[in-house]
Amino acid sequence: MVFSSACRSLLRHRQIATSYLSCCRRSICTAAPTEERIEAAGYHVSGGPSFMRGTVFWEPDRPLTIEEFHMPRPKAGELLIKTKACGVCHSDLHVLKGELLFSSPCVLGHEITGEVVEHGAHTDVGITKRFPIGSHVVGAFIMPCGNCFFCVKGQEDLCEAFFAYNRAKGTLYDGQTRLFLRNSGKPVYMYSMGGLAEYCVIPANAVATLPNSLPYTESAILGCAVFTAYGAMRHAAEMRAGDSIAVIGVGGIGASCLQIARAFGATEVIAVDVQDEKLHNAMTLGATHTINASRDDVVEKIKEITGGMGVDIAVEALGKPLTFMQCTKAVRDGGKAVIIGLAPTNALGEIELTRLVRRQIKIIGSYGARARQDLPQVVKLAETGIFSLQNTVSRKCRFEEANQVYKDLDDGKIIGRAVIEISE
Ligand SMILES: [Zn+2]
Ligand SMILES: [Zn+2]
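Throughout the sequence shown, residue numbering follows my numbering, covering 3 to 426 in sequence.
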């Protein structure tokens, strides 16, 4: 049966009211999650299915499993997306390995493209007009609430609600997940939008329109790898044409930094890694020099390339104490060390304090970018070919291969970025 959204909302209220009535007749109420379960049950996407498949992370070092879920239901200001593709990122791997703590069970995957299939009831008309049913979209992994102190200042990458609810609790901003297992009704948490599923709910503030000229699969990386690289260059490094840059770690995000740096007019672009294959790939993405850190002294080599000065900007994309130190030593006096690699919780980095002070070294952390302002710019760079998606996505795989592809990422076997194709 298919209901209009007004009709569904009425029905939902009646169901909730009934459940509270029967519940309160009992002397002790133990059915707190009932409201959500009833809301999710029996929900159909207009004329479509009432359930979906998604991958579930249960606990560190246990394989992901594919489970059936009730169709997730968007609320006001949210979109239900038929997920087309989801990128495979190191942040998910950190959760899988237990290096970053996150609520579980959960659905990982935070780098998606897809088609809008439903708007939450009472969603603002401005949103429904911008993202009509059937439109192609790309989602940013930082999903700004739009209303907190930082969002109002335009610093959406510091959104309080995103960190307090999504990253800390695995929910959206009403404190609830949109994901419930089909059989048990058990809630499953969401890492960002929970992109490794056939459908996902995402706040409209986190999406940008994807032009039809851009393919779903390759474009998935725009929402994390390219978005993060853009944020690092635009906001943290404030890169200017003519600047020199070194990127330490040229996997998915680091490789995107090379292309974005070229787009901003970098002259010397130095790629640093321990794998020759990644360095070779870096040359096709605009690197002018490469350094294999397993053979050469990174800081010495960077100094040599830059006539003894060091680079204007160095980017650390690995999240390791050693590469953090290399990054801060590789910048010229007054230069900027931009740190974007996620390290295991509580990892510490060292810095030579006297040089920091006297030579005015700037150390700047950067986590992502600003979804509403930056994601449309990132899409434009890809649309015009200034950023090449084809050269960045090195592997495409199926939904069922998720475990293998994360293992390959962990083993360093993925040269650029892998993308999981979820539906046609
Ligand atoms: Zn990511
Ligand atoms: Zn916010």
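Using N, Cα and C, we set each Cβ at its ideal position, and we do this for glycine too. None of the values given here were measured: they were computed from a predicted structure.
**Message:** Is it the case that the segment 293-313 contacts the segment 233-252, given that we only count it when at least three CB pairs across the two stretches are under 8 Å?
**Reply:** yes
**Message:** Just to confirm the assignment, what range does the alpha helix (DSSP H) spanning T85 have?
**Reply:** No alpha helix (DSSP H) contains T85, which is instead part of the beta strand (DSSP E) from 80-90.
**Asked** Closest by CA to T230, which one among G343, T347, V203?
**Response** G343
**Asked** Nearest-angstrom Cα distance between C226 and L324?
**Response** Roughly 24 Å between the two C-alpha positions.
**Message:** Nearer than 7 Å: is that true of the beta carbon of S258 relative to any heavy atom of ligand 1?
**Reply:** No, ligand 1 has no heavy atom inside 7 Å of this Cβ.
**Message:** Beta-carbon within less than 6 Å of G367's beta-carbon, same chain only, minus the 5 sequence neighbours each way: which residues are those?
**Reply:** I341
**Prompt:** Just the residues with CB closer than 6 Å to a heavy atom of ligand 1, in chain order, which are they?
**Reply:** C91, S93, H112, E113, F143, C226
**Prompt:** How many Å lie between C202 and A295 at the Cα?
**Reply:** 40 Å
**Request:** Assign T115 to buried or exposed, taking buried as 16 or more other Cβ atoms, counted over all protein chains shown, within 10 Å of its Cβ.
**Result:** buried
**Request:** Can you tell me which of the three DSSP states P189 falls into?
**Result:** strand
**Message:** Does chain B have any CB closer than 8 Å to the CB of T230?
**Reply:** No chain B appears in this structure, which consists of one protein chain only.
**Heavy atom of ligand 2 within 7 Å of E162 beta-carbon** = E162: yes, Cβ under 7 Å from ligand 2.
**Request:** Kindly confirm or deny that the segment 120-135 and the segment 203-223 touch, where touching means at least three C-beta pairs closer than 8 Å.
**Result:** yes
**Request:** Compute every distance between the C-beta of P205 and the non-hydrogen atoms of ligand 2, then say whether any falls below 7 Å.
**Result:** no
**Asked** Out of L224, V109, R334, V301, which has the shortest C-alpha to C-alpha gap to V139?
**Response** Closest in alpha carbon position to V139, among L224, V109, R334, V301, is L224.
**Prompt:** To the nearest whole angstrom, what separates the beta carbons of L411 and A420, a pair I think is in contact under 8 Å?
**Reply:** Here L411 really is in contact with A420; their C-beta atoms are around 7 Å apart, less than 8 Å.
**Prompt:** Straight-line CA distance for A408 to A199?
**Reply:** The sequence shown places Tyr at residue 408, not Ala. Their Cα atoms are separated by approximately 16 Å.
**Prompt:** If we ignore side chains and look at the alpha-carbon of each, how far apart do I135 and V118 end up?
**Reply:** 5 Å
**Message:** With DSSP as the reference, identify every bridge partner of T292, one or two as the case may be.
**Reply:** A273
**Item:** DSSP-derived helix/strand/coil call for T356
**Value:** helix
**Request:** Answer yes if the segment 180-199 comes into contact with the segment 66-74, meaning at least three C-beta pairs across the two stretches below 8 Å, and no otherwise.
**Result:** Two segments are said to touch when three or more pairs of C-beta atoms, one from each, lie closer than 8 Å; by this definition the segment 66-74 touches the segment 180-199.
**Delimiting residues of the beta strand (DSSP E) encompassing S396** = 395-400
**beta strand (DSSP E) segment containing R55, residue limits** = Segment 53-58, the beta strand (DSSP E) holding R55.
**Message:** Is the separation between the beta-carbon of E354 and that of A339 shorter than 8 Å?
**Reply:** no
**Request:** Would you kindly check if the distance between the Cβ of T394 and the Cβ of A257 is under 8 Å?
**Result:** Going by C-beta atoms, A257 is nearer than 8 Å to T394.
**Request:** Please confirm whether any heavy atom of ligand 2 lies closer than 7 Å to the CB of G148.
**Result:** Yes - ligand 2 has a heavy atom lying nearer than 7 Å to the Cβ of G148.
**Message:** Can you check which of these residues, G177, Q379, K305, is closest to S105 by C-alpha distance?
**Reply:** G177
**Request:** State the Cα-Cα distance for the pair T36 and M54, rounded to the nearest angstrom.
**Result:** Note on T36: pLDDT 40, under 50, position unreliable in the model; the coordinate value appears next. Taking the straight line joining both Cα atoms gives about 20 Å.
**Asked** Does at least one heavy atom of ligand 2 sit under 7 Å from the Cβ of F182?
**Response** no
**Prompt:** Over what stretch of residues does the beta strand (DSSP E) that includes T330 continue unbroken?
**Reply:** No beta strand (DSSP E) contains T330, which is instead part of the alpha helix (DSSP H) from 323-332.
**Prompt:** How would you call G156, buried or exposed, if buried means at least 16 neighbouring beta carbons within 10 angstroms?
**Reply:** exposed
**Prompt:** At what residues does the alpha helix (DSSP H) containing F143 begin and finish?
**Reply:** Premise fails: F143 is in no alpha helix (DSSP H) and is neither H nor E.
**Message:** Can you look up R180 in the DSSP assignment and give me helix, strand or coil?
**Reply:** coil
**Prompt:** Between V271 and the rest of its own chain, which residues show a CB-CB distance below 7 Å, the 5 nearest in sequence each way excluded?
**Reply:** I247, L260, A263, R264, G288, A289, T290
**Asked** Taking T337 as the reference, which of G233, E240, P107 has the closest Cα?
**Response** The amino acid occupying residue 337 in the given sequence is Gly; Thr does not appear at that position. Of the listed residues, the one whose Cα sits closest to G337 is E240.
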